[in-house]
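Remarks on the structure that follows.
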Ligand code: SF4
Ligand code: FES
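Numbering (my numbering), first residue to last: 14 to 251.
Here it is as structure tokens:
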């Protein structure tokens, strides 16, 4: 039976974080999220964590599992076979609201700063705004982002420079920069040339390693750096 050591912290009641251990009656094929549900429903209703879809779609159950940022619904008990205790902690870098729940406002503000929507010069069409399969292919990796925040939490640069916008925001920047229906290419590129946009990325590749949707994040950031270098901006880059 897997044993879990879970980070607990209620800012309204606790002076400091603490850990509690739980043993769960769960088979090797059960998900870490299933185990959390069993703990909450059968042992300790005070445990706080987020979940919704349970199928890797909503992005709400990102957490640190044995030191690695991941979705609890995509990891199985057997992935930790031989591990004495499975350690569950909130995503690093962001403020803890309660137990495994972090404040996502700051993360979402970073994404919003990249204008994650189509900017168009002409008025929108009456029906769908169509895109060819070839144009769609240019952004299809980035479109898979579910805003789980695992990449931004895992990025070592966030600790060195908390003002760095972070990898997830840059995935959304990429997604609209190369969308054939968008009209703001130049101003998006200017935004990306700001000191805390693409340039702090130091190619640690942690974001790419932890992304549950296998988005080639670091590669996309490097691609945008090369794109910026093709333009002559007033601000000096690097
Ligand atoms: Fe999560 Fe990947 Fe999107 Fe980052 S890029 S928020 S790791 S899905
Ligand atoms: Fe929705 Fe895991 S619960 S992604």
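Heads up, the beta-carbon is just placed ideally off N, CA and C, and yes, glycines get one too.
Going along the chain, which residues of its own chain have a beta-carbon closer than 7 Å to the beta-carbon of residue i, five neighbours each way excluded?
{"i": "residue 69", "result": "84, 86, 87 and 225"}
{"i": "residue 30", "result": "20, 21 and 22"}
{"i": "residue 187", "result": "155, 233 and 237"}
{"i": "residue 240", "result": "202"}
{"i": "residue 33", "result": "19 and 21"}
Of the residues the options, which one's Cα is nearest the Cα of residue i?
{"i": "residue 120", "options": "177, 151, 65 and 101", "result": "177"}
{"i": "residue 36", "options": "25, 57, 214 and 202", "result": "57"}
{"i": "residue 185", "options": "203, 156, 167 and 194", "result": "156"}
{"i": "residue 76", "options": "62, 194 and 204", "result": "62"}
{"i": "residue 109", "options": "42, 207, 174 and 27", "result": "27"}
{"i": "residue 46", "options": "17, 32 and 24", "result": "17"}
{"i": "residue 203", "options": "244, 122, 66 and 33", "result": "244"}
{"i": "residue 74", "options": "137, 44 and 24", "result": "44"}
{"i": "residue 67", "options": "153, 182 and 49", "result": "49"}
{"i": "residue 136", "options": "196, 174 and 206", "result": "196"}
{"i": "residue 96", "options": "227, 169, 138 and 14", "result": "14"}
{"i": "residue 125", "options": "153, 52 and 182", "result": "182"}
{"i": "residue 148", "options": "242, 53 and 189", "result": "189"}
{"i": "residue 168", "options": "158, 24, 51 and 105", "result": "105"}
{"i": "residue 223", "options": "200, 53, 82 and 159", "result": "82"}
{"i": "residue 175", "options": "207, 213, 146 and 158", "result": "213"}
{"i": "residue 93", "options": "51, 42, 166 and 146", "result": "42"}
{"i": "residue 173", "options": "52, 132, 215 and 198", "result": "215"}
{"i": "residue 118", "options": "107, 112, 127 and 111", "result": "107"}
{"i": "residue 24", "options": "131, 111 and 192", "result": "111"}
Can you give the beta carbon distance from residue i to residue j, rounded, assuming they're within the 8 Å contact cut?
{"i": "residue 234", "j": "residue 211", "result": "5 Å"}
{"i": "residue 129", "j": "residue 115", "result": "In fact, because the Cβ distance is near 20 Å, the residues do not count as touching under 8 Å."}
{"i": "residue 4", "j": "residue 180", "result": "Since the first residue shown for the chain is 14 and the last is 251, residue 4 is missing from the structure and cannot be characterised."}
Give every residue of the same chain whose Cβ lies closer than 8 Å to the Cβ of residue i, excluding the five residues on either side of it in the sequence, and list them in chain order.
{"i": "residue 40", "result": "90"}
Leaving out the 5 sequence neighbours to the left and right, which residues in its chain are closer than 6 Å to residue i when beta-carbon positions are compared?
{"i": "residue 100", "result": "18 and 79"}
{"i": "residue 251", "result": "Bear in mind that the predicted position of residue 251 carries a pLDDT of just 47, short of 50, making it unreliable; the figure below should be weighed with that in mind. Cβ neighbours of residue 251 beyond the five flanking positions: none."}
{"i": "residue 142", "result": "194"}
{"i": "residue 134", "result": "196"}
What does DSSP give as the partner residues of residue i in its beta bridges?
{"i": "residue 76", "result": "83"}
{"i": "residue 102", "result": "77"}
{"i": "residue 230", "result": "Its beta-bridge partners do not exist; DSSP assigns none."}
{"i": "residue 115", "result": "109"}
{"i": "residue 33", "result": "19"}
> Any residues whose CB sits closer than 6 Å to a heavy atom of ligand 2? List them in chain order?
Replying inline: Near ligand 2, residues with a Cβ at less than 6 Å from any of the ligand's heavy atoms are 64, 65, 66, 67, 69, 70, 71, 72, 73, 74, 84 and 86; the list follows chain order.
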